[in-house]
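Participant: These protein sequence lines map, in sequence, to chains A and B. Quick note on numbering: my numbering labels position 19 of the first sequence as 20, and the sequence is numbered without any gaps. Quick note on numbering: my numbering labels position 96 of the second sequence as 97, and the sequence is numbered without any gaps. Ideal placement from N, C-alpha and C gives every residue a C-beta, glycine not left out. Next up is a structure, given as structure tokens.
2 protein chains.
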Amino acid sequence: MKVLLVIDMQQGSFTPQTPRHDAGGVVERINQLAGIMRQSNGKVIFIQHNGTRDNEFLPGTPDWKLLPSLTVKEEDILIDKTANDCFYNSVLDSTLKQLAADELIVTGCATDFCVDTTIRSALAKDYNITVISNGHTTANRDHLNAETVIAHHNWVWQNMIPTKGKIKVLSLSEYLLQG
Amino acid sequence: MKVLLVIDMQQGSFTPQTPRHDAGGVVERINQLAGIMRQSNGKVIFIQHNGTRDNEFLPGTPDWKLLPSLTVKEEDILIDKTANDCFYNSVLDSTLKQLAADELIVTGCATDFCVDTTIRSALAKDYNITVISNGHTTANRDHLNAETVIAHHNWVWQNMIPTKGKIKVLSLSEYLLQG
Numbered sequence: 002m003k004v005l006l007v008i009d010m011q012q013g014s015f016t017p018q019t020p021r022h023d024a025g026g027v028v029e030r031i032n033q034l035a036g037i038m039r040q041s042n043g044k045v046i047f048i049q050h051n052g053t054r055d056n057e058f059l060p061g062t063p064d065w066k067l068l069p070s071l072t073v074k075e076e077d078i079l080i081d082k083t084a085n086d087c088f089y090n091s092v093l094d095s096t097l098k099q100l101a102a103d104e105l106i107v108t109g110c111a112t113d114f115c116v117d118t119t120i121r122s123a124l125a126k127d128y129n130i131t132v133i134s135n136g137h138t139t140a141n142r143d144h145l146n147a148e149t150v151i152a153h154h155n156w157v158w159q160n161m162i163p164t165k166g167k168i169k170v171l172s173l174s175e176y177l178l179q180g
Numbered sequence: 002m003k004v005l006l007v008i009d010m011q012q013g014s015f016t017p018q019t020p021r022h023d024a025g026g027v028v029e030r031i032n033q034l035a036g037i038m039r040q041s042n043g044k045v046i047f048i049q050h051n052g053t054r055d056n057e058f059l060p061g062t063p064d065w066k067l068l069p070s071l072t073v074k075e076e077d078i079l080i081d082k083t084a085n086d087c088f089y090n091s092v093l094d095s096t097l098k099q100l101a102a103d104e105l106i107v108t109g110c111a112t113d114f115c116v117d118t119t120i121r122s123a124l125a126k127d128y129n130i131t132v133i134s135n136g137h138t139t140a141n142r143d144h145l146n147a148e149t150v151i152a153h154h155n156w157v158w159q160n161m162i163p164t165k166g167k168i169k170v171l172s173l174s175e176y177l178l179q180g
């Protein structure tokens, strides 16, 4: 089964203080992809960061909630996590095994933290991965702007050594053409 | 026990066709740190990429061999691996467990591939990590020069969420002052 992972698209990460590159476009593409996934026997998993340890992103608080612009349906799965690696001490791996996931489509925030770490972790767990190159985002950093960070990580993922899993990086339109 | 990881400092990655940023300086700092580690009841582990699957970096060939400028002692441990994540299908984790490693000092090549992936993987395995900020290197990329890639990854690691393990990024001199 194909599984769409939507990582940390939460209100607390998309505030005026933490503007994300092309946030509206990323949400739109995730919604489009999620709709296709639901119609084609795939599954949509929304990952939410739970920062209880640091008293941030507490479950139930506005920060923790998914962006209201995201379309979430009853049949979707919501999973909490506490580290950059969405697999760390979470039910993600067991859920994917139950679903017999054979391809993870990865989207979300932030490119250089949870998205990157989860992609590298999934590859070491032998999952086939497609990263949507324009389906993840981050903020400007002091040393690099967000667009360059996104371009860099897209390039790195494209050049990683496959495990038993393969990794591809495609824009949404490239993915839909191939899909 | 403190364990120094020296990742992929192999001849095949340091050719005139693949120049690495400040390769000489990085080797010098690794040698200095390895010497200190051996004298203070730590352990030095050299990781070597084995690219048998792609007919590259074949064990025993010049590409696979460690740089002759690296000081390797009989008591050091050599471990082969086949993916960007040094833990993937290798004896690294079991070796670290046997050594009762409580801190990994990470150095090597390349910053954006095996070094980064191994750091993120080690953090998800609850290891305490110190990355030596001037102890790893990479090449210029089409979209970013090597120095900026190194600065970016150093910054990201510094800002990762701790697990049961903590992560620090220090230059060699900062590390020696703290050590």
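Thinking just about the alpha-carbon of each residue, which of 167(A), 162(A) and 10(A) is nearest to the one in residue 68(A)?
Facilitator: Among 167(A), 162(A) and 10(A), the Cα nearest to that of residue 68(A) is on 10(A).
Participant: How big is the Cα-Cα spacing for residue 176(A) and residue 71(B)?
Facilitator: 45 Å
Participant: Can you give the beta carbon distance from residue 128(A) to residue 101(A), rounded, assuming they're within the 8 Å contact cut?
Facilitator: Their Cβ separation, rounded to whole angstroms, is 12 Å, which puts residue 128(A) and residue 101(A) out of contact at 8 Å.
Participant: Find the residues of chain B that neighbour residue 84(A), judging by a C-beta separation of less than 9 Å, and give them in chain order.
Facilitator: 124, 125, 161, 162, 163 and 164, listed in chain order.
Participant: Return the chain-ordered ranges of every alpha helix (DSSP H) run that is complete within the stretch 15–61 of chain A and spans a minimum of 4 residues.
Facilitator: 24–40
Participant: At a CB-CB cut-off below 8 Å, which residues of chain B make contact with residue 21(A)?
Facilitator: Simply none; closest approach about 16 Å.
Participant: CB-CB under 6 Å to residue 3(B), same chain, minus the five flanking residues each way: which ones, in chain order?
Facilitator: 43 and 104
Participant: Taking the alpha helix (DSSP H) that residue 144(B) belongs to, which residues open and close that run?
Facilitator: Residue 144(B) -> no alpha helix (DSSP H), and no H or E assigned at all.
Participant: Tell me whether residue 146(B) is buried or exposed, calling it buried when 16 or more other Cβ atoms sit within 10 Å of its Cβ.
Facilitator: Around the beta carbon of residue 146(B), fewer than 16 other beta carbons sit within 10 angstroms, so the residue counts as exposed.
Participant: Compute the distance between the beta-carbons of residue 94(A) and residue 88(A), then report whether it is under 8 Å.
Facilitator: yes
Participant: Pick helix, strand or coil for residue 73(B), following the three-state DSSP scheme.
Facilitator: coil
Participant: Please state whether the Cβ-Cβ distance between residue 122(A) and residue 91(B) is less than 8 Å.
Facilitator: no
Participant: State yes or no: is the C-beta of residue 132(B) within less than 8 Å of the C-beta of residue 142(B)?
Facilitator: No, these two residues do not count as a Cβ contact at 8 Å.
Participant: Taking DSSP as the reference, what is the three-state secondary structure of residue 165(A)?
Facilitator: coil
Participant: Return helix, strand or coil for residue 172(A), following the three-state DSSP convention.
Facilitator: coil
Participant: Based on the DSSP secondary-structure assignment, which residues constitute the bridge partners of residue 159(B)?
Facilitator: Answer is none; residue 159(B) lacks a bridge partner.
Participant: Going by DSSP, what residues sit across from residue 109(B) in a beta bridge?
Facilitator: Under DSSP, the beta-bridge partners assigned to residue 109(B) are 8(B) and 137(B).
Participant: Between the Cα of residue 7(A) and those of 17(A), 97(A), 96(A) and 106(A), spot the shortest distance and give me the residue it belongs to.
Facilitator: 106(A)
Participant: Label residue 61(B) either buried or exposed according to how many other C-beta atoms from any shown protein chain fall within 10 Å of its C-beta, with 16 as the threshold for buried.
Facilitator: exposed
Participant: I'd like to know if residue 72(A) contacts chain B, where contact means its C-beta is closer than 8 Å to some C-beta of that chain.
Facilitator: no
Participant: In three-state terms, what does DSSP make of residue 96(B)?
Facilitator: helix
Participant: Using a Cβ-Cβ distance cut-off of 8 Å, determine whether residue 171(B) contacts chain A.
Facilitator: no
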